[in-house]
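Residue 196 in the working numbering sits at position 196 of the sequence shown, with consecutive numbering throughout.
In this text, a Cβ means the ideal position worked out from N, Cα and C, and glycines have one as well.
Quantities reported herein were computed from a predicted structural model and do not represent experimental measurements.
Data block below; observations after.
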Amino acid sequence: MNENQRLESSQAKADNSTDKKSAKDYSKYFETVFVPPSLKDARKRGKEEVKYHDDFSISEEFRGMGEGRKFYIRTYGCQMNEHDTEVMAGIFMALGYEPTDKTDDADVILLNTCAIRENAENKVFGELGHLKGLKKERPDLLLGVCGCMSQEESVVNKILKTYQHVDMIFGTHNIHRLPNILNDAYMSKEMVVEVWSKEGDVIENLPKVRRGNIKAWVNIMYGCDKFCTYCIVPFTRGKERSRRPEDIIQEVRQLAADGYQEVTLLGQNVNSYGKDIEDIQYGLGDLLNDIRKIGIPRVRFTTSHPWDFDDRLIEVLAKGGNLMPHIHLPVQSGSTEVLKIMGRKYTREEYLELVRKIKAAIPNVALTTDIIVGYPNETDEQFEETMTLYEEVGYELAYTFIYSPREGTPAAKMQDNVPLDVKKARLQRLNNLVNELSAKAMKTYVNQIVEVLVEGESKNNPDILAGYTDKNKLVNFKGPKTAIGKIVKVKINDAKTWSLNGEMVEESAEEAVSLAEVN
Ligand code: SAM
Ligand code: SF4
Numbered sequence: 001m002n003e004n005q006r007l008e009s010s011q012a013k014a015d016n017s018t019d020k021k022s023a024k025d026y027s028k029y030f031e032t033v034f035v036p037p038s039l040k041d042a043r044k045r046g047k048e049e050v051k052y053h054d055d056f057s058i059s060e061e062f063r064g065m066g067e068g069r070k071f072y073i074r075t076y077g078c079q080m081n082e083h084d085t086e087v088m089a090g091i092f093m094a095l096g097y098e099p100t101d102k103t104d105d106a107d108v109i110l111l112n113t114c115a116i117r118e119n120a121e122n123k124v125f126g127e128l129g130h131l132k133g134l135k136k137e138r139p140d141l142l143l144g145v146c147g148c149m150s151q152e153e154s155v156v157n158k159i160l161k162t163y164q165h166v167d168m169i170f171g172t173h174n175i176h177r178l179p180n181i182l183n184d185a186y187m188s189k190e191m192v193v194e195v196w197s198k199e200g201d202v203i204e205n206l207p208k209v210r211r212g213n214i215k216a217w218v219n220i221m222y223g224c225d226k227f228c229t230y231c232i233v234p235f236t237r238g239k240e241r242s243r244r245p246e247d248i249i250q251e252v253r254q255l256a257a258d259g260y261q262e263v264t265l266l267g268q269n270v271n272s273y274g275k276d277i278e279d280i281q282y283g284l285g286d287l288l289n290d291i292r293k294i295g296i297p298r299v300r301f302t303t304s305h306p307w308d309f310d311d312r313l314i315e316v317l318a319k320g321g322n323l324m325p326h327i328h329l330p331v332q333s334g335s336t337e338v339l340k341i342m343g344r345k346y347t348r349e350e351y352l353e354l355v356r357k358i359k360a361a362i363p364n365v366a367l368t369t370d371i372i373v374g375y376p377n378e379t380d381e382q383f384e385e386t387m388t389l390y391e392e393v394g395y396e397l398a399y400t401f402i403y404s405p406r407e408g409t410p411a412a413k414m415q416d417n418v419p420l421d422v423k424k425a426r427l428q429r430l431n432n433l434v435n436e437l438s439a440k441a442m443k444t445y446v447n448q449i450v451e452v453l454v455e456g457e458s459k460n461n462p463d464i465l466a467g468y469t470d471k472n473k474l475v476n477f478k479g480p481k482t483a484i485g486k487i488v489k490v491k492i493n494d495a496k497t498w499s500l501n502g503e504m505v506e507e508s509a510e511e512a513v514s515l516a517e518v519n
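Set out below in structure tokens:
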């Protein structure tokens, strides 16, 4: 359902209720909002243009809704979800709610979910089971499910049937409707379900409460049109739509002015940035070229699809400065045949050629990747091609996954015919190689001095500080607490497989860029 249909249907509902109005009308207290998801609708890519809104506001009737109430959001999955949580937290705070980090304390609990693999979904169902007791003890507690799982028909049906203690389900396109959804949930005895399956809009002025004041996420685009055959994201996140460059640049400028040290530009497929903006020719390379002139010390972006990674982008990244020498470039498989059935639209050779170009332009670049093993029909030989590609590229890290069929995707119709023990054995072999190359990359840092953006105390030891290098390597080191939030120089004494240990040698590193604007 799109915005117009929704307005029409709510108008129809309103007209109806006026007709029926009797002296005492309790109907609104029992009204159920029910807009279920449809994977079929989500698959469609309409030609209608993207509408940009900057008119979000908390309507008068909802002001103060949260006074004396607390919210808790548990986030699963990718950075996109983490950033959506920051937006929902901003809406809660604008409604007068306070945050809490304890479910026992909360008046509203939201699970912001991930649908990428079956085990991600199972975690959420497990948590819903745990929360049943709390809901029984405190019937006034509102329990909501949002994020990618809400966009799936099968999930919504399962929750309606098995988890009736849930009060609201809303989708990734309905976040700005949170005040109305909460209001409906307070008013209604039924489960509130509001999931729009297709959405082409960008809402600019949603409030946000960012986690921390050192690093920030900045959405540059939403959705994905790539439809890799295994992936649920194009169904759960809608069509590709880019934010206007001026809005993104303004947000980054503001973050720099607020003292943030790092921004990560976010999108499912950031290399497609700008392709849907019709009045200007402007891609990710152009955007990064403008952002590198802003006085923010570190700029990253994720996630790249190799298909759209163009020469302009490589040329801009090669300018260095505040553009970090780390590229996450998911390959998924080293076999051209498997890539073809995955719908990735590049061959092993084309990927390797892209890597060659990147390395030639940015010799100190660190490359990382995502890989799926056990795709339908993947043979031993095809898996070996993934192993050889991994070594040939010399990745410094990889996120590795066993293929998980996702209902509604083309791959789910194929027979999932690689036996589980074979999938596990392949994953194990790949992970051994990932560990080996990560340890090898880490060893090269011993006795080197690196620049570390200090994020805070180490999780395991408050006397140790932790932060990340330009290539995103975790460094634990001894240093004063005054270093938190700064980029400092650290001498590396010891390398582990996934992290480095060292000692701070200088409080204020020469920053990659001065805080004044550069050309
Ligand atoms: N947009 C990114 C790209 O194009 O590579 C990745 C997005 S996805 C959130 C992160 C990773 O999850 C993918 O790169 C892929 O390796 C993995 N993934 C996605 N669907 C999967 C599935 N059905 N089974 C296993 N892994 C999957
Ligand atoms: Fe999924 Fe990424 Fe492919 Fe889009 S490009 S369908 S998000 S794996």
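Cα-Cα, which of the options is closest to residue i?
i	options	result
C228	E204, I73, I314 and P306	P306
K539	I181, S242 and K44	In the structure as shown, the chain starts at 1 and stops at 519, and residue 539 therefore has no counterpart that could be examined.
R406	I277, R292 and Q151	Q151
G394	K440, G144 and L111	K440
R117	T400, L339, V450 and K319	T400
K345	K357, E457, F309 and L313	F309
Y230	A115, V452 and K208	A115
K359	E385, A318, I372 and S335	A318
D41	A425, V195 and K459	V195
A106	P139, V452 and I159	P139
L323	A366, N180, P207 and L354	A366
G485	N431, P297 and G144	P297
K478	K496, G456, G408 and R292	G456
Q382	V155, I341, Q415 and T368	I341
G374	L339, D104, Q79 and V145	L339
M88	R177, G502 and A483	R177
T497	E506, V488, E503 and L474	L474
R43	R237, E121 and V209	R237
Under a three-way DSSP split, which group does residue i fall into?
i	result
H326	strand
G456	strand
G147	strand
L141	coil
D25	Bear in mind that a pLDDT of 48 at D25, under 50, signals an unreliable position, so the number given afterwards is only what the model happens to contain. DSSP places D25 in coil when its eight states are reduced to three.
I291	helix
T444	coil
G467	strand
Y76	coil
W196	coil
E31	Because the pLDDT at E31 is just 48, under 50, the model does not fix this residue reliably, and the point stays unresolved.
A512	The pLDDT assigned to A512 is 38, lower than 50, so where the model puts this residue is not dependable; a value taken from the coordinates is nonetheless given after this. The answer is coil: DSSP assigns A512 none of H, G, I, E or B.
N435	helix
V233	helix
H399	Rather than His, the amino acid found at residue 399 in this sequence is Tyr. DSSP places Y399 in strand when its eight states are reduced to three.
E190	coil
F71	strand
Y169	Correcting the residue identity first, residue 169 is Ile in this sequence and not Tyr. Of the three classes helix, strand and coil, the one that applies to I169 here is strand, per DSSP.
Q415	coil
P179	helix
I358	helix
P36	coil
Check whether the Cβ of residue i sits closer than 7 Å to any heavy atom of the ligand MG, and report yes or no.
i	result
F227	As far as ligands go, the structure on display features the ligand SAM and the ligand SF4 and does not contain the ligand MG.
So residue i is in the beta strand (DSSP E); what residue range does that whole segment cover?
i	result
S499	S499 to E506
I492	I487 to A495
A366	A366 to V373
V475	L474 to K478
R300	R298 to T302
What residue range does the alpha helix (DSSP H) around residue i cover?
i	result
T386	D380 to V393
D247	P245 to A257
A42	L39 to R43
Which one or two residues does DSSP pair with residue i in a beta bridge?
i	result
Y52	V202
K215	E262
I277	DSSP output for I277 lists no bridge partner at all.
V450	V490
S242	M221
Taking Cβ positions only, does residue i come closer than 8 Å to chain D?
i	result
R241	No chain D is part of this structure, which consists of one protein chain only.
Could I get the ranges of all uninterrupted beta strand (DSSP E) runs contained in the segment 87-166, with 3 residues as the minimum, in chain order? 108-113 and 142-147
What residue ranges within the segment 305-353 form continuous beta strand (DSSP E) runs of no fewer than 3 residues, ordered along the chain? 326-328
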